[in-house]
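Participant: Okay, handing you the structure first.
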Amino acid sequence: MLKIRSITATTTLKNSETKPFKSLQKEFDENGNLLSEIKYNKDGEITSRHYNIYNDKALLEKSEYVDNEHETSETHEYFYDDNGNLIKETTDFGQGFLSVFVFEKDFKNNQIRIIEQDEDDEIEETKVQTFDEDGNLLEEISYNDANKEILKTINIFDHNKRIIKKEEHDLRYKTVQIHEYYYSNEGLLEGIKSVNKKGRLLNWVKIEYDENKRPTQQTSMNGALISIEYDGDNKRKEKHLDAGGNVVFESELELNEKGNVIVEHSPENIIHYTYEYFD
Numbered sequence: 002m003l004k005i006r007s008i009t010a011t012t013t014l015k016n017s018e019t020k021p022f023k024s025l026q027k028e029f030d031e032n033g034n035l036l037s038e039i040k041y042n043k044d045g046e047i048t049s050r051h052y053n054i055y056n057d058k059a060l061l062e063k064s065e066y067v068d069n070e071h072e073t074s075e076t077h078e079y080f081y082d083d084n085g086n087l088i089k090e091t092t093d094f095g096q097g098f099l100s101v102f103v104f105e106k107d108f109k110n111n112q113i114r115i116i117e118q119d120e121d122d123e124i125e126e127t128k129v130q131t132f133d134e135d136g137n138l139l140e141e142i143s144y145n146d147a148n149k150e151i152l153k154t155i156n157i158f159d160h161n162k163r164i165i166k167k168e169e170h171d172l173r174y175k176t177v178q179i180h181e182y183y184y185s186n187e188g189l190l191e192g193i194k195s196v197n198k199k200g201r202l203l204n205w206v207k208i209e210y211d212e213n214k215r216p217t218q219q220t221s222m223n224g225a226l227i228s229i230e231y232d233g234d235n236k237r238k239e240k241h242l243d244a245g246g247n248v249v250f251e252s253e254l255e256l257n258e259k260g261n262v263i264v265e266h267s268p269e270n271i272i273h274y275t276y277e278y279f280d
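If you want this note's numbering, it's the 1-based position in the sequence shown plus 1.
This is the structure we're talking about:
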């Protein structure tokens with residue numbers, strides 16, 4: 002299978018005399034890791050830049066993001082132990098604002114403690130995550146700066162390692178949301194039901210598939226709808242409607258024989274994607 006070296010997007014604005022322009026450029030390494038992502042406006046100006054640097058073990062060491070339109074920036078740095086386990090992450094928002102995440106792993110109990118600190122090394126929040134032997138998240142507990150438990154999430158999986166129940170406890174407001182997941186005999190997710198701690202229905206989501214096990218429709222309790230239509234294996238139309246039946250998103254995709262999007266149609270524009278592959 003050929004690996005992607007770069008992706009270039011060229012945008013044509015509908016109902017406009019603006020000439021087609023390069024709107025996106027992505028570069029990857031041979032491991033499939035994103036090296037850079039640059040976005041442009043119709044005048045050829047860079048609107049945002051994103052660069053990643055990896056070490057000799059293909060682990061992400063530094064990530065820089067600059068948003069020229071909103072004049073914001075973020076720099077993330079990642080630190081690992083000799084075994085490649087993440088032990089620290091820093092996020093510099095500029096102007097002296099810094100967040101530090103320290104990761105403490107307890108291999109015996111399959112736990113990770115994530116400690117968030119500010120630029121003065123003051124603890125802002127701590128999370129304790131517990132996993133099963135397959136790496137599935139079983140429980141996550143969040144503590145505030147006073148080490149008081151404020152949030153708790155519990156996940157339950159079936160023998161096929163599929164999530165079947167999620168409990169979200171907000172101990173600050175004493176609220177509970179319980180999400181139950183339902184699957185078909187073929188293992189496809191068919192529905193999600195959400196209730197509060199008293200069993201009152203909060204929401205439901207239903208998902209339908211075609212004979213090729215591709216999702217075709219998703220409906221929600223409030224009437225919101227997502228529909229997907231397929232024309233063979235290389236064309237797909239997707240439409241999102243809100244509860245009032247208004248179209249909030251609409252697109253038509255054309256894919257190449259590798260399954261990559263080559264043309265994206267929307268009411269506002271047409272985007273063509275070209276790919277360069279490693280030999």
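For every residue, glycine included, the Cβ atom is placed at its ideal position computed from N, Cα and C. These figures come from a predicted structure and were not determined experimentally.
Using 9 Å as the limit for Cβ to Cβ distance, is E72 near chain D?
Facilitator: The displayed structure is made up of one protein chain only, and chain D is not part of it.
Participant: With 16 other CB atoms within 10 Å as the buried threshold, where does V248 fall?
Facilitator: Looking at its Cβ environment, which holds fewer than 16 other Cβ atoms inside 10 Å, V248 is exposed.
Participant: Where does the unbroken beta strand (DSSP E) through Y174 begin, and where does it stop?
Facilitator: Run containing Y174: none; DSSP gives neither H nor E here.
Participant: Here's the rule I'm using: 16 or more other beta-carbon atoms within 10 Å means buried, otherwise exposed. How should F29 be labelled?
Facilitator: By the 10 Å Cβ count, F29 comes out buried.
Participant: In the DSSP assignment, what residue or residues form a beta bridge with S7?
Facilitator: Paired residues: E28, E277.
Participant: Please state if the CB of V101 and the CB of E117 are separated by a distance shorter than 9 Å.
Facilitator: Going by C-beta atoms, E117 is nearer than 9 Å to V101.
Participant: Apply the 10 Å Cβ neighbour rule to F98 and answer buried if 16 or more other Cβ atoms are within range, or exposed otherwise.
Facilitator: Exposed: under 16 other Cβ atoms inside 10 Å.
Participant: Would DSSP call P216 helix, strand or coil?
Facilitator: In this structure, P216 counts as strand in the three-state DSSP scheme.
Participant: Using the three-state DSSP reduction, which class does H160 fall into: helix, strand or coil?
Facilitator: Three-state DSSP puts H160 in coil, outside helix and strand.
Participant: Tell me the DSSP secondary structure of G95 in three-state form.
Facilitator: In the structure shown, G95 sits in a strand (DSSP, three-state: E or B).
Participant: With a 10 Å radius around its C-beta and 16 neighbouring C-beta atoms as the bar for buried, classify Y278 as buried or exposed.
Facilitator: When all chains shown are included, Y278 counts as exposed.
Participant: Counting only the same chain and skipping the five closest in sequence on each side, list residues whose C-beta sits under 7 Å from that of N204.
Facilitator: Here the set comprises S195, S221, M222.
Participant: Do E255 and I263 have their C-beta atoms within less than 9 Å of each other?
Facilitator: Cβ atoms of E255 and I263: closer than 9 Å.
Participant: Could you tell me the distance, in whole angstroms, from the CA atom of K175 to the CA atom of L152?
Facilitator: Each residue's Cα considered, the two are about 10 Å apart.
Participant: By Cβ distance below 8 Å, which residues in the same chain neighbour K162 in space, the five residues on each side in sequence not counted?
Facilitator: Excluding positions up to five away in sequence, the list reads D135, N137.
Participant: Kindly indicate which three-state DSSP category R201 falls into: helix, strand or coil?
Facilitator: R201 falls in the coil class under three-state DSSP.
Participant: Cβ atoms of N56 and S64: under 9 Å apart, would you say?
Facilitator: No, Cβ-Cβ distance for S64 and N56 is not below 9 Å.
Participant: I'd like to confirm the pairing. Which residues does DSSP put opposite N53 in its beta bridges?
Facilitator: Paired residues: S64.
Participant: Use the C-beta contact count for I272: other C-beta atoms within 10 angstroms, 16 or more gives buried, fewer gives exposed.
Facilitator: That one is buried.
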